[in-house]
Every structure is written in C-alpha cells, then in structure tokens.
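Single-structure report; data block below.
Chains as they are written, first to last, in this note's numbering: chain A, -5 to 165; chain B, 22 to 619.
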C-alpha cells in the first residue's frame, strides 16, 4: 500500500499524541495520586440500609487522627446528611466519602471541584479528599433522578478545628 | 442525464420515506431543544420544570436516535445501491424494515409524549439513556427494541445485496461506499447486542412485572457497551459523505481510497471495547478495567486524526484544481457558496474542536472535573449535533435532488441555513463547555441552587446563559429554514439534470489497498475478541457482586406527593421552631399535611 510521505509524518504525530495522552493520565494516577472511583466500596442492600452498621446512621465518623469517614445516602431528591443539614467535617482533615443510593442512580458532586461520583443503588462509592481551609461547599446531584432532580442539592461545612467537637461527629 | 431516481425509482422511494421520518423527528426534536435552551437559562418558561424532563427525553430520543438513524438508513441504502450499481435484493424486505423501524419509533415517541398528559397513565421520562431503576412504560422499551431489530434487518438487507454482487463480481474490490456501509453495520451488529440484551432480557420483563428487580449497574454497563459505538454509528454517515462526496464538491477527488478503508476497519475494531469510559465515576468497576477502556479510547483517536488528514488533503487538492494557490490562500478558491460544501466543511471544522473536548473527556482523571456537567452536552453538540447533524443537512442539498429529480429550491437559503447553524452552535457549545468547567450540571431544569453560587473566572454566569439561549434560538431558526427549503424542493417540478451526481475515482485507487482490508470476516472476528477481552471480567464482576437480576425494583420518575409533603412539613416545622412555636395554625397545617401523606 502506497502511503504518502506527509501521511507518514501525520501518522507518527498522531501516535505520539495518543501515547502522550496515555502517559500523562498514567502519571496523574501513579505520580500525582489521583485515585479513581473503583470497586473497593463493595456492595450493600439498597432496600435495607437501615440495618447497615453505618448507613443506618449516616454522617461523619472519626477513624484516626485527622481522618474521617462520611457516610451519605442519596435518594429522590435529597442527601442524608447534606440536604436538611450540612455534612460537617473539620478543617485540615482527610475525609473518605462512602456514598450509596436508596432508590435510583444519583450523582454526588462537590461543586467546583473534581470530587464527583455516581451513587448507584446496591453499590458503595468511596472517594478520599482533603479539606484544608474552613469554608462551605455546595453539593449537587448531577445525574437525572426524576422530576424534582433540579431540587436535589446540599452542602458541606468545613468547620475550623478550634470549633470542632465530638457532637459534630455523627450528624 | 439519468440520476438515482431515474435508475432506481423504487429504492429512491424508500430513501425518501426514511428522510421524511428523519426530518419530522428533526423538527420536533429541535423545537424541544428551543424550549430547553430558553427554560434552563430562565429567558422564557412555557413549561413546568417537572415537564422539562419529558421535553429532554423527547429531544434526546428524537434527535440522537430517530433523526440520525433514519437519515443513516436512507443514506446507506442509497450508497449500497449506487455502490454495487444494482437494485436491493427484494424491495419488500426493504419496506419491511422501514415499517418496523418506523412503528417502533412511533410507539416509543408516543410513550414519551404521553408524559405531557397526566390523564394518560403512560410516561417515559427516563432520558435517552434510560438508566434503571428509573422505569418507563413498557411501550417505550418495546418500541425501542422494534426499532433496533429494524436496523438489524436493514443491515441484513445490505449484506444480502453484497452477497448478490459478490457472486457476479468474484474478483472485484468492494466499492468504497459499500465497504463503508458494511463495516459500519458490522460494528452496529456487535455493539447493539448489549442494548438488546439489556432491553429484552431485563427491562421489558421488569417493566411488565414478570421479574421484580434488575441490577442497575449491569443494565447501565450494557447500555454503554452500546452507547459509545452508537456515536460512531452517527458519525459514519458523516464520514461517508466527507470521504466520498466532500472532495468532489470541492472540485477534486478523494486523496486515498486505501487509507479510507483502514480508517473504517479501525472503527470496527475499536468502537465497542471502550464503553466503560462513560463509567469512570461508577462504583463496582475496578480501576484497571477503566484504564483499559481509556487506552482503547485514546487509540480510537487515530482513525479520526487520519480522517482529518485525508479529508483536508482531498479538499486542498480540489481547491488547487480550481486554481487555488499558496499555503493557505487555496482556501479562498473553494466553492463556499455551495451549501452542501460549506455545510460539510463547517461541520468538519467544528468536529475538530469537538474532538479536542472529547480527548479531555477521555482522560480518566481530568474527566472527574467535567463528568455530568454542562461540558458534556457542549461536547456532543459539536460532534453529533454539528459534525453529524450539519453534515446530514448539507448532504441533503446534494442528495435530495438525486432522490427526487428536483433541484434544491434555493441554494442561497441553504447557505444561510448552514451558516446559521454553525454560528448558533459556536455560541451555545462554547458557553456550555465553560459552564461545565464551573460545575453547572447537565440534564437539569433549574440550575439555580439555594446552597451555593457558580462562580465564573472569565465573563459571568449571566453571559454564559445568554449565549446558550441565543445559540439555541439560532439553531432552531436554522432547522426551520432547512425544513422549509427541503419541503419546497419536494414540492418543485422534476428537471433533467437536478445535480451533478458523479463521484470521481480517488487519487490513490483501491487497487493499492491490501486485499486483507476487504476480509470482513477477519475484522469481525478480531472485533469480537477485543470485546470479549474488554468486557468479560467487568461484566462477570458486576453480576457476581450484585446478582444477574440485582435488587432494584422500579422507581417512578413522577414527582411524588409524599416527597412534596415531607419537604413542606420539614420547612414548616423549621419555621415553627424558630419563631412560631405554639402558634396553632402552623401545627394544624402540619397535621393536615401529614394526613395527606398518609
């Protein structure tokens, strides 16, 4: 097959671009440590979340020095906790979110950040993020979940460490 | 000079019929798009936000499935008949799949539109991705299944045509346009298997109550097994036109036939084992499988980058044939007043931009910033919404005269139409991309939230919204002009030579292409192996984790009264705690609301 010289140059450039993309993503995963949502969260019975050791009382749990687990249930059309009261975590902490759904597929997006996951019934999404400064973050559902989808939102309150106390641990 | 309709009048009728269905879908779908663009930017609200999702489902299904695919089956029928230069094997079979596809589309559309009428106990506000456990009326799933089976019969029809041609021409190379149709259909057969299993084995029995529960991650994964190849199914008709028609319109000929074949073979191989890249944020799928899908996706850039080279080289060749000179001045020698050429060229230009935003989507980690934000519809309005849709509209200006024997009603109006589309999409898609970077979600009626504001680094949220609204209006106007021009063409009188329909031989002809490229069985086999490699382990994991039929019963999309009551009770209770404690009327309201909820 006759391939023109310019075609060969273009082909080489295209392959270089592709390999370059894969390399930068690999670096992001290994070097910069950007973790993917994966299968580590395991499964849960979406119809019996009230019997689950943590999802029966969702909220913030302390797991170590400056380390916390936050369990969140997404359901039509609110987050528990998050909607009727904010999720509370202390500043300068490392927080692992465990998110699941009680009904349909939802999204869980911390607005303006790359902390973003799907909430799938029967599955638990886990993602670990670091909160440094005290501030408030918005929370929204970014997967269509029914006719009041646009009303599904909430917030995360990052509390200054000096104001943090144990009563805030479980919301 | 005899054109297509003179030589194959029966086939021309079939193609005209599929185009009629396609363009009716385009008109309705575009009108829904206008309502959405004005509603979510708060410019004009003619519907309830609750009905927004009925409109959105209609917009997605009518444009992304009916408009594109009915156009595709018409174009492919034309390409097969013209390519093999013989009639279809049996015109009754051809009409059968047209009828089946149309019936399925009408059924599914009826289920969607019934969502506007509360009195009819039928709705399908599940969007075109229909993720379970949101549940639609069974008629929606049954109609969709009929539509897909119709496309399978269409594919079988074209392979039968190929078999007939091959018996008479044992040593010839498959004509290029027919080769493109056949390879595209191989990809389609492999990939629609996923959605067929999802709909027929799980969603139809589940919506009818024969099975109680489904595994939402399984049906979602099966959807995306089909959901990425479908974008190439949309794109391949545009590629067919860019490779075989655009160079001719530019005044030249295709640069390389062998390279075009290589590109289509690459799409057969790589289109399907990539669907998990739509699920980078899904739990229950290990990171390794996501990485494999990403690697395949990145290599899928190769055929599109090769296409960019070949198509631009062919167009440049055409310009130089027309007397164009210099490094870039040849661009001025192109036939920019021809709506068919201008539309396809502008579509190709925007596809380059859409390709770059697609590369960002494909990046596994940067995707977390844009997943399910307005960035994503910004991206696919450049690709399917312009590269495909504008190429189809522009191609119509060249194709319709061959199918009807009538010249295009007005070429200047056609030119105005394609330019309006391009300008409208520049406004809308750039603003959507920017809005997505700020975290504004897609698929949402009301992007104004109580807990936070979106902050724009450059420009403002208001300016982004105005660009989306303006773009949406221009796009709708463009569709109205297009439908007018097409209808007026149809109403016109036949002439002897409505259009120059010859397609010149490529510069590098098919004789230079290795024979193995035409070995369709080989490519099918490799494609199947790649799919098995990419999907066996993830699917096995999903099934062993949560069961084949999972544990999710169906959930209605409907605005539940119970939820409304709960929210109101919570709001009223909060108020009463703060300032109205003990005020009797408030308690009475709470009591009566709780009564309603029981």
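All C-beta atoms, glycine included, are put in the ideal place defined by N, C-alpha and C.
Pick out whichever of the options has its Cα sitting closest to the Cα of residue i.
i                      : options                       : result
residue 229 of chain B : B/289, B/239, B/163 and B/325 : B/163
residue 106 of chain A : B/135, B/396 and B/491        : B/396
residue 291 of chain B : B/300, B/254, B/261 and B/565 : B/254
residue -3 of chain A  : B/548, B/81, B/562 and B/531  : B/531
residue 310 of chain B : B/320, B/352, B/298 and B/572 : B/298
residue 22 of chain A  : B/50, B/169 and B/389         : B/389
residue 522 of chain B : B/103, B/562, B/60 and B/329  : B/103
residue 20 of chain B  : B/95, B/168 and B/134         : With chain B covering 22 to 619 only, the question about residue 20 of chain B has no answer from this structure.
residue 386 of chain B : A/160, A/110 and A/69         : A/110
residue 116 of chain A : B/279, B/578 and B/566        : B/566
residue 481 of chain B : B/501, B/464, B/459 and B/502 : B/459
residue 339 of chain B : B/64, B/79, B/142 and B/526   : B/526
residue 542 of chain B : B/245, B/211, B/39 and B/403  : B/211
residue 442 of chain B : B/367, B/320, B/97 and B/189  : B/367
residue 361 of chain B : B/314, B/420, B/27 and B/371  : B/420
residue 547 of chain B : B/207, B/34 and B/46          : B/207
residue 198 of chain B : B/178, B/96, B/181 and B/110  : B/96
residue 67 of chain A  : A/89, A/90, A/3 and A/40      : A/40
If I follow the unbroken alpha helix (DSSP H) through residue i, where does it start and stop?
i                      : result
residue 69 of chain B  : Segment: none, residue 69 of chain B is in no alpha helix (DSSP H) and carries neither H nor E.
residue 465 of chain B : Segment: none, residue 465 of chain B is in no alpha helix (DSSP H) and carries neither H nor E.
residue 341 of chain B : 322 to 342
residue 6 of chain A   : -1 to 24
residue 279 of chain B : 278 to 291
residue 121 of chain A : Element bounds for residue 121 of chain A: not the alpha helix (DSSP H) but the beta strand (DSSP E), 119 to 125.
residue 265 of chain B : 250 to 265
residue 434 of chain B : 432 to 458
Kindly give me the distance between the Cβ atoms of residue i and residue j, rounded to whole angstroms, as I take these residues to be in contact under 8 Å.
i                      : j                      : result
residue 149 of chain A : residue 101 of chain A : With 8 Å as the limit, residue 149 of chain A and residue 101 of chain A do not qualify as a contact, their Cβ atoms being about 15 Å apart.
residue 364 of chain B : residue 415 of chain B : 2 Å
residue 332 of chain B : residue 264 of chain B : 7 Å
residue 271 of chain B : residue 355 of chain B : 6 Å
residue 149 of chain B : residue 78 of chain B  : 7 Å
Tell me where the beta strand (DSSP E) around residue i begins and ends.
i                      : result
residue 58 of chain B  : Counting along the chain, residue 58 of chain B falls outside any beta strand (DSSP E), though it belongs to the alpha helix (DSSP H) covering 30 to 61.
residue 110 of chain A : 110 to 113
residue 576 of chain B : Per DSSP, residue 576 of chain B belongs to no beta strand (DSSP E) and is neither H nor E.
residue 91 of chain A  : 87 to 95
residue 402 of chain B : Here residue 402 of chain B belongs to no beta strand (DSSP E); instead the alpha helix (DSSP H) covers 396 to 403.
residue 68 of chain A  : 61 to 69
residue 58 of chain A  : 53 to 58
Would residue i pass as a contact of residue j if the rule is Cβ separation under 7 Å?
i                      : j                      : result
residue 493 of chain B : residue 55 of chain B  : yes
residue 424 of chain B : residue 41 of chain B  : no
residue 154 of chain B : residue 575 of chain B : yes
residue 485 of chain B : residue 457 of chain B : no
residue 59 of chain B  : residue 490 of chain B : yes
residue 104 of chain A : residue 131 of chain A : yes
residue 73 of chain B  : residue 146 of chain B : no
residue 28 of chain A  : residue 302 of chain B : no
residue 563 of chain B : residue 224 of chain B : no
residue 108 of chain A : residue 87 of chain A  : no
residue 435 of chain B : residue 506 of chain B : yes
residue 118 of chain A : residue 144 of chain A : no
residue 464 of chain B : residue 138 of chain A : yes
Mapping the DSSP letters down to three states, classify residue i as helix, strand or coil.
i                      : result
residue 155 of chain B : strand
residue 376 of chain B : helix
residue 423 of chain B : helix
residue 166 of chain B : helix
residue 598 of chain B : Low confidence applies here, because residue 598 of chain B scores a pLDDT of 41, under 50, leaving its location unreliable; read the following figure in that light. If DSSP states are grouped into helix, strand and coil, residue 598 of chain B belongs with the helices.
residue 531 of chain B : helix
residue 40 of chain A  : coil
residue 48 of chain A  : coil
residue 148 of chain B : coil
residue 133 of chain A : strand
residue 84 of chain A  : strand
residue 152 of chain A : strand
residue 138 of chain A : coil
residue 104 of chain B : helix
residue 608 of chain B : Interpretation of residue 608 of chain B is limited by its pLDDT of 44, a score under 50 that renders its predicted location unreliable; no figure is taken from the coordinates.
residue 302 of chain B : coil
residue 73 of chain B  : helix
residue 24 of chain B  : coil
residue 102 of chain A : strand
Verify the CB distance criterion: does residue i have a CB-CB separation below 7 Å to chain C?
i                      : result
residue 137 of chain A : No chain C is present in this structure, whose protein chains are A and B.
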